[in-house]
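Asker: Right, I'll just put the structure down here and ask away after.
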C-alpha cells in the first residue's frame, strides 16, 4: 500500500486570470497508476559495448492532475526494489544484493514530485526527489502526455511516457570493476524510462 505520509496532495484552485486548454481541464482529478498497463524500466551500458535493460514489476503510485493549472499537478511513486528483472537470474540477485539496491534492507524506493514545468506541445518537465536506499536527491523527468481515453470498463485513463538520466553512484549504487580493454564493467550513467497508464479515482474540482 502507498504510505499515507508520503502521498502528495495538491490544490486544484482555479486562477481566474489564467487561460486554460480545455483538453486538460476535463482531466482534472486523482488517478492511480495501473501497474498492469505501465512499465518502469532502465538501461545501462555493459562492458562499454552493449546496453543491459531491466524493469521493475511491482510498483504503485498516485497522480493528481490539475487541468486548470497543469504546473500544479503532482505525483508519488513507490517501487519494490526486489521486483527487479533483467532477464538473468544471477545478475538480478547481484543487483538486488548489497552492492546495488540491497533489497533486503531497503525494499522500497520512492519518487515524489515538487514542481512541474509546461514545455508546450504536451511536454512537461517534472522535478522531484528520488529516494534509493538511504539517499534522497533531486530528479528531473521529461514527460510526454500520451492522451486520454475510456477503457472497456468505462474508466477514464490518461497516459504519459517519461525519461530521465541519473548517475547511479550518487544513490549509493556505485559497484564496479575494471575490464582488460579499458574502462569499467558497468557505466555509472543509467537511463530511466516510464510508460504510465493511470485510472481516475475521483474528479477533484475544488474551488
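Numbering (the working numbering), first residue to last: 514 to 720.
For glycine and all other residues, C-beta sits at the position ideal for the given N, C-alpha and C.
Since the model is a prediction, treat every value here as computed from it, not as a measurement.
Which one of 673, 712 and 714 has the shortest CA to CA distance from residue 553?
Answerer: The option with the nearest alpha carbon to residue 553 is 673.
Asker: Answer with buried or exposed for residue 582, where buried requires no fewer than 16 other C-beta atoms within 10 angstroms of its C-beta.
Answerer: buried
Asker: In this structure, how does DSSP classify residue 594 when only helix, strand and coil are distinguished?
Answerer: helix
Asker: For the beta strand (DSSP E) holding residue 681, just list the boundary residues, first then last.
Answerer: Run containing residue 681: none; DSSP gives neither H nor E here.
Asker: Any chance the segment 704-718 sits against the segment 667-683, with 3 or more Cβ pairs inside 8 Å?
Answerer: yes
Asker: Cα-Cα, which of 682, 587 and 611 is closest to residue 595?
Answerer: Considering only 682, 587 and 611, the residue with the shortest C-alpha distance to residue 595 is 611.
Asker: Could you please give the first and the last residue of the uninterrupted alpha helix (DSSP H) stretch that includes residue 538?
Answerer: 535-538
Asker: Would you report the Cα separation of residue 634 and residue 655, rounded to the nearest angstrom?
Answerer: 13 Å
Asker: According to DSSP, is residue 604 part of a helix, a strand, or is it coil?
Answerer: helix
Asker: Tell me, to the nearest whole angstrom, how far the beta carbon of residue 591 is from that of residue 627; I am working on the premise that it is less than 8 Å.
Answerer: Contact between residue 591 and residue 627 does not hold, since the beta-carbon distance rounds to 16 Å and is not under 8 Å.
Asker: Suppose the cutoff is 7 Å on Cβ atoms and the five residues either side in sequence are ignored; what does the same chain contact list for residue 721 look like?
Answerer: Nothing can be reported for residue 721, as the shown portion of the chain is limited to 514 through 720.
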